[in-house]
Structure formats: C-alpha cells, structure tokens
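Protein chains: 2
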Amino acid sequence: MSERVFSLPRGMKDIDTPEMAKRLWLNKKILGVLEKYGFQIVEPTSIESLETLEAKSGPQIKDEIYYFPDKAGRNLGLRFDLTVGMTRMVAGRYDLPEPVKIAALSGMWRYDEPQFARYRHFYQWDAEIYGTAEIEADAEAIAVGTDILEAIGLRDYEVRVSNRKFTEGVLRQLGITQQEKVEQTIRVIDKSRKISPTMFERELLGTGLDQEVFEKISEVTSLRGSADHVLSSIPEEFSKNEMSSKGREELSRLFDVLNDLGKSEKCILDLSIVRGIGYYDGIVFEAYDKGGEDVGAIFGGGRYDKLAGVYGKREIPATGVAGGIERLMISIERASLFPRLSQSPKVFAAAVDEESRHKILNMVMDLRKNGISCDYDMKKRSLRNQLEYVDSMGIPIALILGPKELEKGLVKVRDMGTHMETEVKTSELIGEVTRKLQ
Amino acid sequence: MSERVFSLPRGMKDIDTPEMAKRLWLNKKILGVLEKYGFQIVEPTSIESLETLEAKSGPQIKDEIYYFPDKAGRNLGLRFDLTVGMTRMVAGRYDLPEPVKIAALSGMWRYDEPQFARYRHFYQWDAEIYGTAEIEADAEAIAVGTDILEAIGLRDYEVRVSNRKFTEGVLRQLGITQQEKVEQTIRVIDKSRKISPTMFERELLGTGLDQEVFEKISEVTSLRGSADHVLSSIPEEFSKNEMSSKGREELSRLFDVLNDLGKSEKCILDLSIVRGIGYYDGIVFEAYDKGGEDVGAIFGGGRYDKLAGVYGKREIPATGVAGGIERLMISIERASLFPRLSQSPKVFAAAVDEESRHKILNMVMDLRKNGISCDYDMKKRSLRNQLEYVDSMGIPIALILGPKELEKGLVKVRDMGTHMETEVKTSELIGEVTRKLQ
Chain P
57 MSERVFSLPR
67 GMKDIDTPEM
77 AKRLWLNKKI
87 LGVLEKYGFQ
97 IVEPTSIESL
107 ETLEAKSGPQ
117 IKDEIYYFPD
127 KAGRNLGLRF
137 DLTVGMTRMV
147 AGRYDLPEPV
157 KIAALSGMWR
167 YDEPQFARYR
177 HFYQWDAEIY
187 GTAEIEADAE
197 AIAVGTDILE
207 AIGLRDYEVR
217 VSNRKFTEGV
227 LRQLGITQQE
237 KVEQTIRVID
247 KSRKISPTMF
257 ERELLGTGLD
267 QEVFEKISEV
277 TSLRGSADHV
287 LSSIPEEFSK
297 NEMSSKGREE
307 LSRLFDVLND
317 LGKSEKCILD
327 LSIVRGIGYY
337 DGIVFEAYDK
347 GGEDVGAIFG
357 GGRYDKLAGV
367 YGKREIPATG
377 VAGGIERLMI
387 SIERASLFPR
397 LSQSPKVFAA
407 AVDEESRHKI
417 LNMVMDLRKN
427 GISCDYDMKK
437 RSLRNQLEYV
447 DSMGIPIALI
457 LGPKELEKGL
467 VKVRDMGTHM
477 ETEVKTSELI
487 GEVTRKLQ
Chain S
57 MSERVFSLPR
67 GMKDIDTPEM
77 AKRLWLNKKI
87 LGVLEKYGFQ
97 IVEPTSIESL
107 ETLEAKSGPQ
117 IKDEIYYFPD
127 KAGRNLGLRF
137 DLTVGMTRMV
147 AGRYDLPEPV
157 KIAALSGMWR
167 YDEPQFARYR
177 HFYQWDAEIY
187 GTAEIEADAE
197 AIAVGTDILE
207 AIGLRDYEVR
217 VSNRKFTEGV
227 LRQLGITQQE
237 KVEQTIRVID
247 KSRKISPTMF
257 ERELLGTGLD
267 QEVFEKISEV
277 TSLRGSADHV
287 LSSIPEEFSK
297 NEMSSKGREE
307 LSRLFDVLND
317 LGKSEKCILD
327 LSIVRGIGYY
337 DGIVFEAYDK
347 GGEDVGAIFG
357 GGRYDKLAGV
367 YGKREIPATG
377 VAGGIERLMI
387 SIERASLFPR
397 LSQSPKVFAA
407 AVDEESRHKI
417 LNMVMDLRKN
427 GISCDYDMKK
437 RSLRNQLEYV
447 DSMGIPIALI
457 LGPKELEKGL
467 VKVRDMGTHM
477 ETEVKTSELI
487 GEVTRKLQ
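In the order they appear, the protein sequences are chains P and S.
With the numbering used here applied, the first sequence closes on residue 494, and no number is skipped along the way.
With the numbering used here applied, the second sequence closes on residue 494, and no number is skipped along the way.
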C-alpha cells in the first residue's frame, strides 16, 4: 500500500455523487430550456492551437490558461471558454442555414488563482446565435438566459442591459477617440460597480481624463432603471454622436422586443454595463442574483459581430449568452432550490439464505428491465447487515426474500421510511413497487 | 478578416450538431442503464498530478499522454482513463458504505497516433464496483455492459471471459515464474487473436520459451466456447496449480451467476482473453460486436484488487467495466440502429408582416412554456424565405401568421412533410401542435 499521498493539483477537484446529482439535475434543466429555444448542442474541441486562443484575446492570454507544446513541438492550449470554439466552428462552414443557433454545456480551464467557489476547471452553458444582426437575436439571448433561471426556480434576479456602441459613442463624443484609450476607459467602467466612487474617480483620472470628462462619464454610467426612464435621462449632447445614437436606438428597440417576449419586467437599462472583454460591439448584458451579487454575474453576454472574421474569411454577425454552472449552483443552494436529490437506487433486494440469494437475481433483473433502479447484496452479508446498508444508502424500498417467502411464492416489501412491510405475490411485485415509488 | 487558417490540433475534432444528436441519444441510453443498476455518476478531475497517472501505469505512460508543467513547475497530466480518478476518489474515502458503485461518462486524452475513428480526445463510459471480492460484482460488471448494448439495440455481440489468476497459474505451472516474464508472456497472449498463429509462435518463442511450453500455452489459450465445454477441456495437469485452480473455480461460479442473471447466453469462456494492462488480477472480459471486430472490444474490464492500495492506505477489492463511445457509435452506425435524430426545433413561427412579427413573439413564448421547442425568424425575411429556412432545417411544423389570420384570431398550421395546412384558433394552438407532434 502507498505511503505517498496522491493529491489533486491545485485548483482541481473531483465531483462526487451528491454534487453530481445536483449537476445532473441542473444540466437537464438547462438543456431543456436550450432545446425549447431551438439551440442545437455542440462540443468544440477541448484542446485548441495556442494561436486560435490568442487570436481572440491576444498573447497575454497565455498568463491565464494552460498551454503546452505537444510532442511535435506545436503549441496547444486548453480552451478557456466555449465561444472561441463555437465561433471557429461556424466561421469555417458555409453550408449552414442562418441563423445558426448552437449551444454547449461543457468544462473549461483557466489558470486563475483559486478562490471561493472558483476552480481552475469549471463548467459553463453557452448559447450563441450566428448570422443575424437583428435585435431580436439579442433579445433571444437574454430571454433564454432568464428562462434558464426561471426553470431552476430563481426569481429574484435582474438583467442589466446596455450597449457598447452607445458607451463608445459617448466616449468619442467626450474626445476619447484613440481605440486603446477607449478600451482602457471601458475596462475601468466595467469595474465601476465593484469599486468605491472615489476609487472609480481615481482610476478614470489615472487614465489621463480631466475632471469634467470624468464627471460626464460618471453621470452617464450611473444611469440605471427602466428603459423609458434611462433613455429619456441621457444628456442631449450625446445624440449628436452617430454611434451613440445608434446604440440608443438599438436599446429602445431591444426593450420593445423584450416586452413582446414578456421579459421586460426582469430587465433594466444600466449604462455602467460594458463587459470587460474587447470583442463586444453592440448590446451587452449581465444578470445578477439579487441575493448573491458577491459571486458576480450569473449569466452575461452580448453582440460580437467581428469575432467570426478573425477565424474565417467572412464576418458573421453574432450574439450570445453564457453562464457559469458553479456560480449558478451557489445561487440555487442559497435559495434552497435544489430538490432532494439522490443517485441511490430505488429498490434493494435482500436475501435471507443461499437459496434466496440465487432466486433474487432473476427478480432484480426483472425490476431493472421494467425501468426500476435496483441493487442487491454483493458482499454475502447477513440480512441485518444488508438492511443497514439499505438504510445508509437512503434506498426507499427493501425487498426481502427468504425460505418462508419462497415457499409461499411471496416477497416482503418494506418501506424503509415507515418500516411498514407488506407481502406480495412475486408476479405482482413490479406493479406494487411501481405504485410505491409514485 | 483573417488570412490565416486556424486549424484544429492533430487528432482533435469538434462535435457538430448531427453527431451531437447521436451522442446525446447514446449517452441517455447508457446513463439510463447505469442508473437502473444503481451506479452513481461521478466526474473525476480532468487534470491529475503526473505522479498519480504514473502510479497506475509506470513512467512510460508519459509517451502516451498529454503532460506539462504548471506555472509553479508541478508536473500535471490530462487523464487517460476514468478508472484512475475513480479509484483515487474511493481510496481516499473511509465514509462510503460498501460496495461503492460509481460510474462516469466523460472525455479523456491520449497522445496516440490518430487513425480511423481514433482521436486524441475521446469518450468512455466506465462503471466500477469497489469494496467486494465476490464474484457477483464481476457478473454485475458484465451484465451492465451487455444491458447497455441491449438498450442500444445491438444483438449480435459476444462477451469473452477468462481469469488472469487462471492464466498466471498456467504460466507458473509451466515454469514461467519470474513476474516480468509472466507479464511479457501475457502481453503476447493478449495479441494472439489479432496476429497469425505463426506470428504468435514466433513472438512467444522470442520471449525465450521452448517449443513444448509454447504448445501447452497455445493449447490452453485456444480453448473457447461454452463454460462447461471449456472448463472440462482444460488439461488435467493445471489443476495441480493452486492459482490456476482458484481461477477455474471463480470462472465456474461466475457462469452460474451469469446464468441466474439471464446473461450466460451472450457469454463464452475464451482462455485467450487476458487484458494487456498490468493491474488486472482476476476475472477479465472483452465484448465484441460480431460484425465489427476490426474496431476492437466494444467494452472490457475485470477485477483489479490491488490498484486502490496504490492510491491509499488500504487495499479495496475492485472490479469494473468500460467502453469507448466512439467505437460504440461505429457499431451502432453499421447496424443502422440510430433512430432519425434531429436537434432542430419542432415548430417555426413564420410572420407575414410587421404587425404579425410583433404578435408572433407571444405565441412563440407560449409554445416554449408548454414544452414545445419553437423558433421564429430573426432575419426579417420574406415569408417565402422563412419557409425555405424551415425546410432546410427539417422543422416539421410551420405556423403562419399574417393580417388575415390576425383579423380572424386564427393561425395557419402547416405540416412541412405533407404541405397540408389547417387553420386553428390561437387559443387552441398548443393542443393542436401537441397532437401533431405525437
């Protein structure tokens, strides 16, 4: 036996049976909603060429991912999201009817510093729509996200929506025209809700903006509320900027569609939402569990019409939404929304002696054939020890077969909750067990 | 737009929507059978410490896997199977009622030379039973494997069973006593069905055996057929060896249990089955699709009572079974057992003009709420182009809403197969569509 300890690598973990029961429950809910929306599931490769990953996020992505040379010296990397792979998949195809609505629910890897509920391997669901620039697609991305939360039972959430075109237009109108400067400013705005107003001011002024510009940005990005209210509160001067006006118009149309979809109640316009990542260029949104903002957005997304052009010979308008499974599990846990879940079998067939051990196998297979999960003793234990095992596993029904039952052609059915026992004819067992499990 | 080509790394692939539809169908079948047998699903970590992987398979495993240092210089590796992780998970736990029946259905990575239907990332289902040395557990592993094939509809398969104890006993009885020599001989026996008899002879003699010993081995390992027949054909001299006798007795009891489980018909005793891998030490088995032996075993497994001791401070008897998803898909494809599968939505709601585009959204959400997968036009296309899209996507039902229908409170329901149209009241739409989809 080993004297060495084989520990898991830092930031990695196994998923054991109780956690897996929750994940299976959650995945089923998510896949069910994606299906109802007509998203088709795919699975992009887990290992990409490093250059594919860098093409989306620049060479500095190396600091945040697992990458390594293969045995032939080519640089590879583990995927850090699902959007890169899905976009590359679509960019290489010319035969797909558009819009292409695809989704994935899979694991990914990031070399982050592990923290509360954050591992270096984690899961996301991700739904993307390629091939349409219409606002309906953005609304669809938001709607599918909210319906996933609704399917789980989460009610106290809010989707905060804005538009990168609007924000960039505002910045340009304020004289911030250099692309690098625009992006730097946007990264600070992205942090604005997580840091103090003083810190926000210091960081923005730190990028070289003067006080007046800072105040204008601060005025705009603090606007938050119903679409009507926010849209009418935007200072008049920004309507002069074409980009910002277009963004504003898109937001107005988006909320009309959200209204038709019955989703506007859960959505607010929040002009501080910009999404940090560089490639967004239209509607952007983030959803928050109001009871758990500390874990960050429970889903987020937006429009990125340029990314497909990076991976293929044409641009394809695209919008999408993704959410982290582990974060969602925290919200579900906090709201006590997981039902009682168990992966234990429903029935255990206990045998009293050698002869009934023999006879019980047929019964076990018959139950299984009829769709009832069933186990039996594989350790040659006494009846008492078998029933202790049944208890410790939380199995609801025990069948007991011994010489007396065999002689009479009966089997004892014990409800492990109430400890009530009934005797049924072997031929009526399936019906009886099915009834008890309903 | 990009002039560069972003290709997939060698041996990697994306899973697109038609293939994913098949995998989702297959996974559901497999998970359903595992559940009925009381196996609980887990997911071991995808990245292990390199030393954990080496502990099972020796340092030469490096040649066959992806491994790399992390940013802190620790050596990591991508899992190459699910058994290592599941065994490590159980070896570290003292609180689990035994037997522990766990299973996984996940991806893994091997740095093999890619060939037909073999990629460097692939999937397996894997069911393991820890904590019992009884033969019933080995029978359970075989039974769950066969029931997975049955659930898929495969009928023309055969499980070939043997026992490593028996084979090792035979070799020892023949004077092959050095462990290294035993393993070397076993590796050649493992290949015996894949190479010509001449090649088999040459390879065995090449390990330094003399002609007489080779002939004895060849006589034993060519025995194949019903358990009764094979067990009674084993040359008398091997009953003198304790290990070989124990192996023989286990095989005899195993076939009794398989008989009780209704599985003996599909199982034969084949004394050439040894499983190449070092850690097996009891019952071993491999299942073959009779029409597709070229792809290799469609599942295989056996007993490995020593492995848990490598990962923990105690030995835990263990047995299990695993099968490759990609190989299984080839068998299913060849036998034309995949049903017609599509991930396309069932309904598409087409709108004739602006007003009906507006009105249709409510209808779409209502269908989705009632569990019916439904999509609508997000590209502002003409009705004709919408219906072309519906056709190209293989969506069975189109709803058509225009000013005439709006006025009458009706919606047209078109069966895309027959092109038959009916008009139904908006309030009766859900019922009508549900009926048509049955």
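We put the CB at the ideal spot given by N, CA and C, even for glycine.
P/Ile208 is outside the set of residues whose beta carbon lies under 9 Å from a beta carbon in chain S. Nearest Cα to P/Glu349 within the set P/Glu192, P/Ala183 and P/Glu214: P/Glu214. Fully enclosed beta strand (DSSP E) runs of no fewer than 3 residues occupy 123-125, 131-134 and 156-165 of the segment 104-179 of chain P, in order along the chain.
Apart from the 5 residues on each side of it in sequence, S/Ile204 sits with its Cβ closer than 6 Å to the Cβ of Ile86 and Val89 in its chain, given in chain order. Residue burial is scored here from C-beta neighbours: S/Asn441 has fewer than 16 other C-beta atoms within 10 angstroms and is therefore classed as exposed. For S/Tyr167, the neighbours in chain P by C-beta distance under 9 Å run, in chain order, Asp126 and Lys127. The C-alpha of P/Ala77 is placed about 27 Å away from the C-alpha of P/Ala199. The continuous alpha helix (DSSP H) containing P/Lys221 extends over residues Arg220 to Gln229.
Scanning the segment 288-366 of chain S from its first residue to its last, the whole alpha helix (DSSP H) runs of 4-plus residues come out as 298-316. For P/Arg144, the closest alpha carbon among the candidates P/Asp266, P/Ile372 and P/Glu120 is that of P/Ile372.
DSSP places P/Tyr93 outside both helix and strand once states are collapsed to three, so it counts as coil. Restricting attention to beta strand (DSSP E) runs no shorter than 3 residues, the segment 403-476 of chain P encloses them at 403-407, 430-432, 453-457 and 466-471, ordered along the chain. In the DSSP secondary-structure assignment, P/Thr490 is not bridged to any residue.
Rounded to the nearest whole angstrom, the C-alpha separation of P/Leu457 and S/Ser162 is 38 Å.
Under a 10 Å Cβ-count criterion, P/Asp194 is classified as buried, with 16 or more other Cβ atoms of the shown protein chains found around its own Cβ.
Under the DSSP definition of a beta bridge, P/Glu259 lacks any partner.
Residue pairing by DSSP places S/Lys481 opposite S/Leu466 in a beta bridge. Straight-line spacing of the CA atoms in P/Asp182 and P/Gly356 works out to 10 Å. P/Val98 carries a coil assignment under DSSP once its states are collapsed to helix, strand and coil.
Contact between the segment 309-325 of chain P and the segment 282-300 of chain P is present: three or more C-beta pairs spanning the two stretches fall below 8 Å.
Neighbours of S/Val217 across chain P, judged by C-beta separation under 7 Å, do not exist; the nearest C-beta is about 17 Å away.
For P/Val244, DSSP records no beta bridge to any residue. S/Thr375 has S/Ile185 and S/Arg359 as its beta-bridge partners, per DSSP. S/Ser412 does not reach chain P, its nearest Cβ partner there being about 12 Å away, counting only Cβ pairs nearer than 8 Å. Taking C-beta atoms as the reference points, P/Tyr167 and S/Asp126 count as a pair closer than 9 Å. If you draw a 10 Å sphere on the C-beta of S/Pro401, you find 16 or more other C-beta atoms in it, and that means buried. Contact residues of the segment 91-115 of chain S toward chain P are Glu91, Lys92, Tyr93, Gly94, Gln96, Ile97, Val98, Glu99, Pro100, Thr101, Ser102, Ile103, Glu104, Ser105, Glu107, Thr108 and Ala111 (C-beta to C-beta distance below 8 Å). Just measuring C-alpha positions, the residue of S/Arg249, S/Phe95 and S/Met68 sitting nearest P/Ile428 is S/Phe95.
Judged by DSSP in its simplified three-state form, P/Ile86 adopts helix. Within 9 Å of the CB of P/Pro459, no CB atom of chain S is found; the nearest one sits about 17 Å away. Take P/Glu110, set aside five residues on each side of it, and the residues of its chain with a beta-carbon closer than 7 Å to its own are Ile117, in chain order. Looking at the DSSP output, P/Gly380 sits in a beta bridge with P/Gln180.
Chain S places a beta carbon closer than 9 Å to that of P/Met76, counting this residue as a contact.
Using beta-carbon distances, S/Tyr432 counts as an interface residue toward chain P, with a partner under 9 Å. Within 10 angstroms of the beta-carbon of P/Ser248 lie 16 or more other beta-carbons, which makes it buried. Neighbourhood of P/Ala407 in chain S, by CB distance below 7 Å: empty, with the nearest CB roughly 11 Å away.
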